Amino acid sequence: MATLLQINSSLSGDQGHSSALANQFTERWRERNPGGRVIVRDLARQAIPHLDAERLNAFITPADKRTQAQEEIVAYSDQLIDELRRADAVVFGVPMYNFGVPSTLKAYFDHVARSGETFRYTSSGPEGLLDDKPVYIFAARGGIYQGTDADSQTGYLNTFLAFLGLTDTHFVYAEGMAMSGDHKEKALESAQAEITQLAAA
Ligand SMILES: Cc1cc2nc3c(=O)[nH]c(=O)nc-3n(C[C@H](O)[C@H](O)[C@H](O)COP(=O)(O)O)c2cc1C
Numbered sequence: 105m106a107t108l109l110q111i112n113s114s115l116s117g118d119q120g121h122s123s124a125l126a127n128q129f130t131e132r133w134r135e136r137n138p139g140g141r142v143i144v145r146d147l148a149r150q151a152i153p154h155l156d157a158e159r160l161n162a163f164i165t166p167a168d169k170r171t172q173a174q175e176e177i178v179a180y181s182d183q184l185i186d187e188l189r190r191a192d193a194v195v196f197g198v199p200m201y202n203f204g205v206p207s208t209l210k211a212y213f214d215h216v217a218r219s220g221e222t223f224r225y226t227s228s229g230p231e232g233l234l235d236d237k238p239v240y241i242f243a244a245r246g247g248i249y250q251g252t253d254a255d256s257q258t259g260y261l262n263t264f265l266a267f268l269g270l271t272d273t274h275f276v277y278a279e280g281m282a283m284s285g286d287h288k289e290k291a292l293e294s295a296q297a298e299i300t301q302l303a304a305a
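For the sequence shown, our numbering gives the first residue as 105, with consecutive numbering after it.
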């Protein structure tokens, strides 16, 4: 059974443009994969804790030396990694907040980047340990930054995901969401057209 993992991070829930576009893609995916399974994580509703010293120590303590509390911390991270590992495709809804990705999404990344599980260092550098799979990213921004240095998200997401072995990324942008005029409507129309194409590919 095909599985899609959808991670939303808009503070506006399903009203967020990034979530709405991600939801539209997921609906197309469901149509093409009847019987497929969709797992949705809404990071604004169910926040993932920040990585702190206690959590990092749990990750790096050998399995046979972990305390009960550390085992629980690692089990939580293992569950997130397992979802990512088993998914056949992954969808991220990503708003731009203060020129970065939402801190909730960063917290998620901090729980799925685990040495020996999703990446390792070899003599020739880092190696991602996840099997490659399509990753669809729906990025909503108030302004327009694509292709400029102010687009802090695209390079970061590509670098981070590739570090885990995920290189097959597809970005759909909804930019100018806070701008006056018809920027917003045009950007959303264009994003919807891209979704139709992507979902049919
Ligand atoms: C806290 C906050 C910070 C924001 N920071 C930026 C920003 O740095 N650059 C930008 O272009 N838009 C910024 N915006 C606007 C959002 O990117 C825009 O509203 C976008 O549609 C949010 O995604 P969503 O609709 O999926 O929630 C910010 C919005 C909020 C609420």
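By construction, the Cβ of each residue, glycine as well, lies at the ideal position given by its N, Cα and C atoms.
Bear in mind the structure is a predicted one, so any value in this text is a computation, not a measurement.
Per DSSP, reduced to three states, the secondary structure at His274 is strand.
When C-alpha distances from Ile248 are compared across His287, Val195, Arg141, Phe129, the shortest belongs to His287. The set of residues with a C-beta under 7 Å from any non-hydrogen atom of ligand 1 comprises Ser114, Leu115, Ser116, Gly120, His121, Ser122, Ser123, Gly197, Pro199, Met200, Tyr201, Asn202, Phe203, Ala244, Arg245, Gly246, Gly247, Tyr249, Ala278, Met281, Ala282, given in chain order.
Only buried fits Asn112, as 16 or more other CB atoms lie within 10 angstroms of its CB. According to DSSP, residue pairing for Tyr249 in a beta bridge does not occur. Note on Gln150: under 16 other CB atoms within 10 angstroms of its CB, so exposed under the neighbour-count rule. For Val194 and Gly117, the gap between their C-alpha atoms comes out near 18 Å. Beta-bridge pairing by DSSP links Asp146 to Asn112. If you ignore the 5 residues before and after Glu221, its C-beta comes within less than 6 Å of the C-beta of Ile185, all in its own chain and listed in chain order.
By the 16-neighbour rule on beta-carbons within 10 angstroms, His154 is exposed.
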